[in-house]
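Working notes, beginning with the structure itself.
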Amino acid sequence: MARTRIPWTAVLLATLLLAGSVGWAQDGPGVIQVVAIDTHGKTPEYIAALKPLLERIQVLGPETKYKIYEATFAGERTGTVYVTVEFPSLAYMATTNTKTGADEEYARLLAAVAATGRTILSNSILQDRTN
Numbered sequence: 154m155a156r157t158r159i160p161w162t163a164v165l166l167a168t169l170l171l172a173g174s175v176g177w178a179q180d181g182p183g184v185i186q187v188v189a190i191d192t193h194g195k196t197p198e199y200i201a202a203l204k205p206l207l208e209r210i211q212v213l214g215p216e217t218k219y220k221i222y223e224a225t226f227a228g229e230r231t232g233t234v235y236v237t238v239e240f241p242s243l244a245y246m247a248t249t250n251t252k253t254g255a256d257e258e259y260a261r262l263l264a265a266v267a268a269t270g271r272t273i274l275s276n277s278i279l280q281d282r283t284n
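Count the sequence shown with the working numbering and you get residues 154 to 284, in order.
See below:
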C-alpha cells in the first residue's frame, strides 16, 4: 500500500489556521513535535549529524527543548529513532520555524542530516492537554 506524505509545513500551516480560529495559539499550552525516523542502520551517524541541527534550533528558539529516543523494545519499530522538539506554545513554534526557514546555517545543517539517507516515517505535532 502506497503511503501519502504530507509536507510538515502543510501540517503546520493547517494547525496554525485552526489555532487562530480557536484562540489558543498565542499563550496556549505547550506543543511538541515528534518525528519518527528510520536511519537504515546508521543511527550513530544520524545522531551525530542531527545534534548540531537541534542545537541551532535552540539558538533560534531559546525556549525549545529537544530529546532523541531510540525504540529498543518496539516490535517492528525497534531501532526507530524518535526526535522530540518541545515548544512553550504553538505561536512560539511558528516563530521559531519562521526563523529556521530563513537561516542559512540551519539549511546547511538540515542538508547534512538529509545526506545521512534517513527516511522520515512520521512527523506529528501534539498539544499538551495535561491541564
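Glycine included, each C-beta is placed from N, C-alpha and C at the ideal position.
Taking residue i as the reference, which of the options has the closest Cα?
i       : options                               : result
Tyr-235 : Gly-214, Glu-258 and Ile-278          : Ile-278
Glu-223 : Val-187, Pro-182 and Thr-249          : Val-187
Ile-210 : Gly-183, Val-266, Ala-268 and Thr-249 : Thr-249
Val-266 : Ile-185, Leu-207 and Glu-239          : Leu-207
Lys-204 : Thr-283, Arg-282, Ile-185 and Leu-263 : Leu-263
Tyr-259 : Gly-194, Leu-213, Ala-201 and Glu-198 : Leu-213
Tyr-199 : Asn-284, Ala-268, Gln-280 and Thr-283 : Ala-268
Gly-194 : Ile-221, Ala-244 and Gly-270          : Gly-270
Lys-220 : Arg-261, Ala-247, Ile-185 and Glu-257 : Ile-185
Trp-273 : Arg-230, Phe-226, Ala-255 and Pro-182 : In the sequence under discussion, the amino acid at residue 273 is Ile, which differs from the Trp named in the question. When each option's Cα is compared against that of Ile-273, the closest is Arg-230.
Pro-215 : Asn-284, Ser-242 and Thr-283          : Ser-242
Ala-247 : Thr-217, Asn-284, Arg-282 and Gly-232 : Thr-217
Buried or exposed for residue i, please, with buried defined as at least 16 other CB atoms from any protein chain shown within 10 angstroms of its CB.
i       : result
Thr-253 : buried
Ser-275 : exposed
Thr-192 : buried
Ile-190 : buried
Phe-240 : buried
Thr-196 : buried
Ser-174 : Reliability fails at Ser-174, whose pLDDT of 40 lies under 50, so the model's placement of it is uncertain and the value that follows must be treated cautiously. Exposed, because fewer than 16 other Cβ atoms sit within 10 Å of the Cβ of Ser-174.
Ala-255 : exposed
Ala-202 : buried
Residues bridged to residue i by DSSP?
i       : result
Thr-272 : Asp-191
Leu-279 : Ile-185
Practice task
List in chain order: all unbroken beta strand (DSSP E) runs of 3+ residues lying wholly within the segment 171-250.
Solution key: 184-191, 218-223 and 234-240
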